[in-house]
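There are 2 protein chains.
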Amino acid sequence: MKIYSKISDIQYYLPPKLLSNEDLVFDNPDWRMDDIEKKTGIKYRYICEDAQTSKDIALLACEKIFNSNVRRSDIDFLIVVTESPEYIAPAMSCDLQNILGLKTSIASFDVNLGCSGFVYGLMIADSILCSNNYSNGLLVCVDTYSKYISSNDRTCRPLFSDAASATLITASKKKTVGPFVLGTDGSGYKDLMVKNSGTIKNIDTERNLYFMNGSAVFMFTMRVVPKAVNDLLIKEKCNTEDIDLFVFHQASKLVIDNLKRLLKLSNEKVFENYQLVGNTVSSSIPIALSQAKSAKKIKKGSVVMLVGFGVGLSWGATIIRYN
Amino acid sequence: MKIYSKISDIQYYLPPKLLSNEDLVFDNPDWRMDDIEKKTGIKYRYICEDAQTSKDIALLACEKIFNSNVRRSDIDFLIVVTESPEYIAPAMSCDLQNILGLKTSIASFDVNLGCSGFVYGLMIADSILCSNNYSNGLLVCVDTYSKYISSNDRTCRPLFSDAASATLITASKKKTVGPFVLGTDGSGYKDLMVKNSGTIKNIDTERNLYFMNGSAVFMFTMRVVPKAVNDLLIKEKCNTEDIDLFVFHQASKLVIDNLKRLLKLSNEKVFENYQLVGNTVSSSIPIALSQAKSAKKIKKGSVVMLVGFGVGLSWGATIIRYN
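Listed in order, the protein sequences are those of chains Z and L.
If you're matching positions, the first sequence starts at 4 in the numbering used here and goes up one per residue.
If you're matching positions, the second sequence starts at 4 in the numbering used here and goes up one per residue.
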C-alpha cells in the first residue's frame, strides 16, 4: 500500500528576551524608528541570550513534541534545517539524536537553507518517509541570526528573531502534503549571506557577519513568489478560491502587503504574525501554522498554501490539506 | 507506474597538488613516517591550492558530468554534501546552480555530513527522485579538510585528501538502489569535529580547526560497521556470498583491514584505493565506485555494498545493483 505523510504536530520555542523598537532606538539614536516600523511592521523580536545557542533552543522545541503524542523511540529520522549551527561539523542533528535520547538506528542530517527551508524540509521529509516506509520523522528548523547581526545593522536587526520549531511528520493513508514547486537562483547568491564564514576565513572582530541587500531581495521576492504560487495552482489544477489560507514566510509587512497586492488576495486569506514575532527565518512558516491553528484560522478540512523564500536565493511552495 | 532510481554516471576531481610521505617528514622531522604508513597505508594525498575552494573543485567534477551524457537543462535537483563550504550561508548548491547554468526551477540544498555522506545523499536523492517523479538529480560530494588541518597534526594530516565527486542519479524502471541501513550516535559528537566554527566563535589564529579522537572513532567503526553490514544483509535477505564487491569508506588501512577481518571478507571482495587517493571524506565511496568500474571489478550485473561511516557519529550502508 502506498504511504503518504502528514504534519501531525508543530511545536516551537521563542527565547524569553524581547527586543522592542524602543530598545533599538536606545542603541541607535539616529534611527527613524517610525519609518522603519512602517516598512517592517515588526514591533518585537525574540533574541537568544549570549550563551544560548541554536542547539539549546532546538532542544526546547523538540522536547515539547515529546510532551504530547509521540514517544522518542517512535522517531525514524531527524532533519535539522539551520544556517546558524553551533559548529560546521558535526551536524546538529547528530548531537540532538543523543541529547533527545532518540534511538541510534535513526537517519540524521542537517540541511543548510534559510527562509525557504521549511518547505524544502517538508519535501525532503515527505519523500524520505514515503520512499522508506518510515512512520515518524522530526523536522527541526532553527536559526539564531542575532549572533551574526551587529547592533547598528539597520537593514537586518529590525527584522530577525531567533527561534526554533519542531514539526512531526507521520505516515498517512491520505495524501495531505504537496505537490511542491521549488526553485533556486544562485545569481542572487551574494544578496543574502553569512560573510567571512565557512572555509573563506577573514573573520571580523565585530559581530557583523550577516549581509542583506534589502532591495535586491525584495525585487527577487516580487519576481518569483507570485509565479511560484501560480505555478503551484496550475500544478494542483485549482485557483486561489480553493485555498483557504496563504501562509507566506513572514519576511516583513512590506513583503506580505505587496504579495497580497500582486496576487489579489484578501486580508482574510493571508495569515500574518510578523508584528509580534518578527522574521524567524525557517521557523516562520511552522510558527505561523501553529498560531493559525490556535486562532481557528486552520480547521479540519482547511487547504493551506505555504510559500518560503530567501537566502540562496531559494524558494518553495506547497499545499497542505488538514484532514 | 512506480519509478526507481539508478546511478548513471560518477565523475570526480582531485586537485593537482600531491602531498607525499616525504613532504610530511620534511615539515615534521620528528614523525616516524614508516610507523604512520603501516597504519594508514596512505602514500599520497591530493591537496587544494590555498586559493582553491570546495566550490571550485565541485564545479570541476560537475562539468565532467556534462561532458558526457546529460544536458544541464535535464537536471531537476542538486544536492551538495559538504562539511567545508565556502560560506555557512547560502548553500553551495545555490551558487553551483547559477555557475553551472542549471535551470532555476530546480530544488537545491546542502547536506552537512562527512564520511557517511554519500550513502545518506544517495538515500535522499533516491527518495526525492522517486517521490516527486523527477528524471535526473545531481549528488555532489566535496570536502577540503586540508584547510582545517594544521601542518603538524599527526592524527589527521596523513589521512585526508581534498576531493569532489558528482554522481548523476536518474529515473529507472528497475529498483537498483537500496535498501538502506542508516544510523546516528551523537554520543560521539566530539570525537570528530570542526572546532571553533559555526556560531561558537573562538577562532584560532593557527589553522588547526579539525579534531579527531582517532582511537574513539576506530572503536566506533568496529562496533557499528559490521552490525550495519549484517543488518543490511538480513534486510535484503541475502548473505556476503551474494555481494560481489564491498566498497567501504576508505578511512585507512587499519580500518579496512579490521573490517575485512571482522566480517571474514576475502581481499577480492573488498575494493581498496586509499593507498594512492587518501581518505577523501564523502567522495571516497563514489571515487572508489568509479575506479572499481574502470578496473572491471564492477561489471553489468554486479551487486555492490556501500558502507560509509564517520563524523556525527553517523553511518550508512546500502546495496547497488548494476543492471
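Every residue gets a Cβ at the ideal spot worked out from N, C-alpha and C, and that includes glycine.
Taking 9 angstroms as the threshold, the shortest C-beta distance from Z:ASN261 to chain L does not fall below it. Taking C-beta atoms as the reference points, Z:ASN72 and Z:LEU171 count as a pair closer than 9 angstroms. Considering only L:GLY315, L:PHE312 and L:VAL307, the residue with the shortest C-alpha distance to L:LYS9 is L:VAL307. Out of L:LEU105, L:ALA94, L:ALA174 and L:THR283, the CA that lies nearest to the CA of Z:LYS198 is found in L:ALA94. Beta-bridge analysis with DSSP links L:ASN282 to L:PHE163. Counting the other Cβ atoms within 10 Å of the Cβ of Z:GLU244 gives fewer than 16, which makes it exposed.
Distance between L:MET222 and L:ILE288, taken at the CA atoms: about 21 angstroms. Taking all protein chains in view, the Cβ of Z:SER286 is crowded by 16 or more other Cβ atoms within 10 Å, so the residue is classified as buried. Scanning L:LEU99, L:LEU125 and L:TRP318 for the CA closest to the CA of L:ASP12 turns up L:LEU125.
Taking each of L:ASN135, L:LEU27, L:SER111 and L:TYR90 in turn and checking the Cα distance to L:GLN100, the smallest one comes out for L:SER111.
Residue contact with chain Z for L:ASP129: present (Cβ-Cβ distance below 9 angstroms to some residue of chain Z).
When C-alpha distances from L:ASP260 are compared across L:LYS106, L:LYS42 and L:LEU17, the shortest belongs to L:LYS42. When Cβ pairs closer than 8 angstroms are counted between the two stretches, the segment 169-187 of chain L is seen to touch the segment 129-144 of chain L, the count reaching three or more. L:PRO19 counts as exposed, since fewer than 16 other beta carbons sit within 10 angstroms of its beta carbon. Of the other Cβ atoms in all chains shown, 16 or more fall within 10 Å of the Cβ of Z:SER200; this residue is therefore buried. Any Cβ of chain L closer than 9 angstroms to the Cβ of Z:THR107 would place that residue at the interface, and such an atom is present. Between L:ILE50 and L:SER164, the C-beta gap is smaller than 9 angstroms, which places the two residues in contact. For the options Z:SER149, Z:SER154, Z:GLY319 and Z:LEU185, the alpha carbon positioned closest to that of Z:ALA54 is the one of Z:SER149. By the criterion of at least three beta-carbon pairs nearer than 8 angstroms, the segment 214-228 of chain Z is in contact with the segment 258-272 of chain Z. Here Z:ARG48 carries a strand assignment [DSSP, helix/strand/coil].
Annotation for L:ILE323: the continuous beta strand (DSSP E) segment containing it runs 317-324. Scanning chain L for C-beta atoms nearer than 8 angstroms to the C-beta of Z:ALA254 yields nothing, as the closest lies near 16 angstroms away.
Among the CB atoms of chain Z, one or more fall inside 9 angstroms of the CB of L:ILE91. A residue is called buried once 16 or more other Cβ atoms fall within 10 Å of its Cβ, and L:PRO88 is buried on that count. Cβ contact annotation for L:HIS252 (same chain, cutoff 7 angstroms, sequence separation greater than five): CYS118, SER287, ILE288, VAL310, GLY311, PHE312 and GLY313, in chain order. Residue-level contact check: L:ALA94 touches chain Z, since one or more beta carbons of chain Z fall below 9 angstroms from its beta carbon.
With a threshold of 9 angstroms between beta carbons, Z:PHE312 makes no contact with chain L.
Chain L has a Cβ within less than 9 angstroms of the Cβ of Z:ASN135. Taking C-alpha positions only, Z:ILE91 is separated from Z:ASN242 by approximately 42 angstroms. Between the segment 58-74 of chain L and the segment 26-40 of chain L there are fewer than three inter-stretch CB-CB distances shorter than 8 angstroms, so the stretches are not counted as touching. Taking 9 angstroms as the cut-off, the Cβ atoms of L:TYR47 and L:ALA167 do not count as close.
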